[in-house]
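Chains as they are written, first to last, in the working numbering: chain E, 481 to 616; chain P, 481 to 616; chain F, 481 to 616; chain L, 481 to 616; chain X, 481 to 616; chain A, 481 to 616.
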């Protein structure tokens with residue numbers, strides 16, 4: 481049983497706003513992130529899969545297949561996008577790093593044929609990241 | 481004569497669009513950056529100043545003053561902002577990394593009392609950066 | 481259940497010395513770290529908290545509150561300090577990275593109102609770090 | 481109970497080839513890695529040990545001893561080597577990052593006197609790494 | 481006049497050997513690098529171009545074109561290759577980082593249509609790099 | 481003509497204090513750095529040499545010799561030291577990053593046999609560094 485992690489990056493825009501909050505609450509709770517013009521980040525995504533090594537290849541997962549899945553399910557949908565305006569998960573949900581990690585997990589879950597999804601880590605900034613392991 | 485460099489970071493949103501180009505030209509030239517919903521980056525700014533060392537302090541520049549100038553002239557104006565919509569330099573100019581480096585130089589130039597501005601470096605991505613030395 | 485990690489940095493001085501050891505033992509066991517003049521490091525601290533996401537904010541923890549707690553409980557006490565001389569935990573204990581991780585855990589434990597402290601990671605050098613999960 | 485991690489680096493050469501596969505299969509499955517002239521990497525190794533802190537030293541492990549073990553068991557055997565041609569584990573096995581992590585675990589297992597081996601992490605590239613915890 | 485730098489990476493194998501030296505000299509001068517089985521590195525290449533900004537695009541160089549040139553002239557020729565055995569420049573010359581930086585400069589020189597090549601930087605290791613500016 | 485840069489690290493302690501200043505001035509000018517108990521840093525040193533490539537070796541400088549010089553002249557004198565108390569240059573001079581870069585230049589100048597010293601860069605923090613080129 482080994483764990484393999486692949487990193488990739490995407491650049492996106494977002495803002496934090498809860499329509500149930502007053503303007504003052506949005507400002508107090510979300511600070512500079514409440515600016516409705518949006519701001520953005522270079523997100524770094526680390527996807528970890530686990531499984532047994534195929535003795536014929538030495539691989540726990542086919543890296544080309546993993547890359548295709550990541551590109552199709554995540555990067556194409558999020559890169560150079562406005563998360564609030566263009567990504568369905570965030571039409572009703574605030575695109576925090578926490579919610580983004582879960583959204584990416586849900587996009588990847590069930591797509592791998594061999595190894596099993598173990599962890600999704602999302603860095604919003606070099607000094608801020610969130611991990612999700614699929615735990616309820 | 482020594483050169484001192486301070487790094488700082490800001491997060492902003494932007495898109496690339498030239499109204500003189502057709503929609504097809506904007507798409508062909510700017511690719512994913514042409515998305516008018518905007519996308520964003522964690523920009524890293526390196527500001528280099530040069531000068532002689534003050535023998536009483538051992539400093540070429542007062543770091544607290546340098547930080548105040550950077551915050552007042554650059555970070556407050558750019559961080560968590562949409563460059564196209566909120567930063568005057570980009571109302572008529574495309575906010576590429578090249579133009580951003582020059583805009584930051586112009587904001588800082590003449591604000592330091594002791595040392596001299598030497599270089600502005602802006603990273604848009606970890607693998608893409610622009611340097612400007614004030615050369616015409 | 482998500483895990484959120486915040487990094488921060490502090491610079492401190494320390495030395496390694498056990499008064500129960502002879503001078504030779506201190507030198508043999510602690511090497512260059514035994515120099516009583518002290519030496520120092522840029523420590524990097526990663527604090528991981530875990531919890532459920534508040535659906536109203538999308539946050540597992542209020543980042544402003546987390547930052548205030550980190551500053552008040554850890555950074556103000558350790559940054560630009562001599563660990564042996566100024567930090568109470570190390571008046572009777574050697575300020576190794578191991579003991580420092582536990583001291584930081586103890587300073588943070590019970591201070592968070594919502595999420596739960598999960599891990600304290602301390603880097604003494606870029607290639608040396610210690611993790612503590614509160615395990616006895 | 482604390483976990484201490486030490487990083488080190490080595491540079492090595494390898495290629496991926498399974499003699500039971502046809503030339504076409506080797507090319508299709510291993511792509512550019514199938515080039516029998518070999519290519520190489522700067523590998524980064526992170527070794528994590530866990531244990532109780534010795535109250536006399538504040539150490540979970542003697543770092544000098546850990547370094548000697550890493551050098552003797554791993555670095556001397558792998559650094560500036562061709563993994564396929566010079567490292568016995570890979571005479572019959574493909575030197576993927578997965579197999580390399582297990583080989584390093586097996587070289588280190590049982591060599592530490594105090595702390596216990598917890599994890600071996602091997603980076604083949606900055607954006608690709610494998611973890612092994614000794615799990616069957 | 482601005483300077484734009486793009487980073488990219490390639491993995492390659494090499495060894496150091498001068499056939500005019502005795503075996504003892506090769507070993508003494510080149511140390512572990514003299515191993516004829518070869519070893520390898522993840523090389524990081526930084527290419528800096530300089531020029532004026534096109535006011536219509538805000539670009540000093542078309543990044544897509546720059547990437548195509550880098551891939552065609554450098555990455556396709558060096559990535560996952562054995563420098564001594566597969567790259568013509570090194571059939572008669574030792575593939576040190578110094579010679580590699582010059583070889584890459586010569587491959588790129590004259591290929592850009594707008595901006596001018598300013599500097600080639602090659603990292604062989606994170607703590608060792610060479611710069612070449614085309615100076616005789 | 482190529483430029484080769486080698487990085488290395490050392491950990492040291494220091495404080496900032498000018499005996500000609502009042503206690504209030506020292507506190508106002510140097511802030512937390514004025515704490516006479518000292519604090520410390522992991523310094524990163526980059527030394528750049530320039531010269532012609534020796535066609536027999538492909539080297540601009542013998543890396544083993546460069547490392548020996550760096551260790552003897554710089555690392556042995558500064559690593560795990562208290563700069564104010566143990567390094568002669570700072571008995572009368574404040575050990576700022578600026579003065580440290582010049583001190584290291586002076587220690588290295590004239591020690592290389594082949595290549596020429598071009599630049600000394602000292603990082604006190606990941607986001608603060610000083611360059612010295614030997615310019616008066």
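Ideal Cβ positions, reconstructed from N, Cα and C, are used throughout, including at glycine. Computed from a predicted structure; not experimentally measured.
is_contact[residue i, chain L] using C-beta, thresh 9 Å
i, result
"residue 544 of chain E", "yes"
"residue 614 of chain X", "no"
"residue 500 of chain F", "yes"
Simplified DSSP state of residue i, which is helix, strand or coil
i, result
"residue 489 of chain E", "strand"
"residue 597 of chain A", "strand"
"residue 590 of chain X", "coil"
"residue 567 of chain E", "coil"
"residue 611 of chain E", "strand"
"residue 510 of chain L", "helix"
"residue 543 of chain X", "helix"
"residue 516 of chain E", "coil"
"residue 524 of chain A", "strand"
"residue 534 of chain E", "strand"
"residue 604 of chain L", "strand"
Chain A residues whose Cβ lies nearer than 9 Å to that of residue i
i, result
"residue 533 of chain P", "576, 578, 579 and 582"
Any chain E beta carbon closer than 9 Å to residue i
i, result
"residue 496 of chain L", "yes"
"residue 547 of chain P", "no"
Partner residues on chain L for residue i, Cβ-Cβ distance less than 9 Å
i, result
"residue 573 of chain F", "535 and 538"
7 Å Cβ cut-off: residues of chain E touching residue i
i, result
"residue 509 of chain L", "537"
Cross-chain neighbours of residue i in chain L, by beta carbon under 8 Å
i, result
"residue 482 of chain E", "578, 581, 582, 610, 611 and 612"
Min CB distance residue i to chain X below 9 Å
i, result
"residue 487 of chain A", "yes"
Contact with chain A by residue i, beta-carbon distance below 9 Å
i, result
"residue 569 of chain F", "no"
Any chain F beta carbon closer than 9 Å to residue i
i, result
"residue 526 of chain E", "no"
"residue 593 of chain A", "no"
"residue 512 of chain A", "yes"
Residues that residue i contacts on chain F, provided the C-beta gap is smaller than 8 Å
i, result
"residue 492 of chain A", "519 and 520"
Per-residue contacts from residue i into chain X (C-beta, under 9 Å)
i, result
"residue 565 of chain L", "517 and 518"
Using a Cβ distance threshold of 8 Å, determine whether the stretch 530 to 537 of chain X contacts the stretch 571 to 578 of chain X, with at least three qualifying pairs required. no
Mind listing which residues of the stretch 599 to 611 of chain E have their C-beta closer than 8 Å to chain F's C-betas, in chain order? 606, 607, 608, 609, 610 and 611
Between the stretch 481 to 495 of chain E and the stretch 558 to 566 of chain E, can you find at least three pairs of beta-carbon atoms closer than 8 Å? yes
Give, in chain order, every residue of the stretch 549 to 560 of chain F whose Cβ lies closer than 8 Å to some Cβ of chain A. 559 and 560
Pairing CB atoms from the stretch 535 to 550 of chain F with CB atoms from the stretch 495 to 509 of chain E, are three or more of them under 8 Å? yes
Determine, using beta-carbon pairs with one atom in the stretch 584 to 594 of chain P and one in the stretch 544 to 558 of chain P, whether at least three such pairs fall under 8 Å. yes
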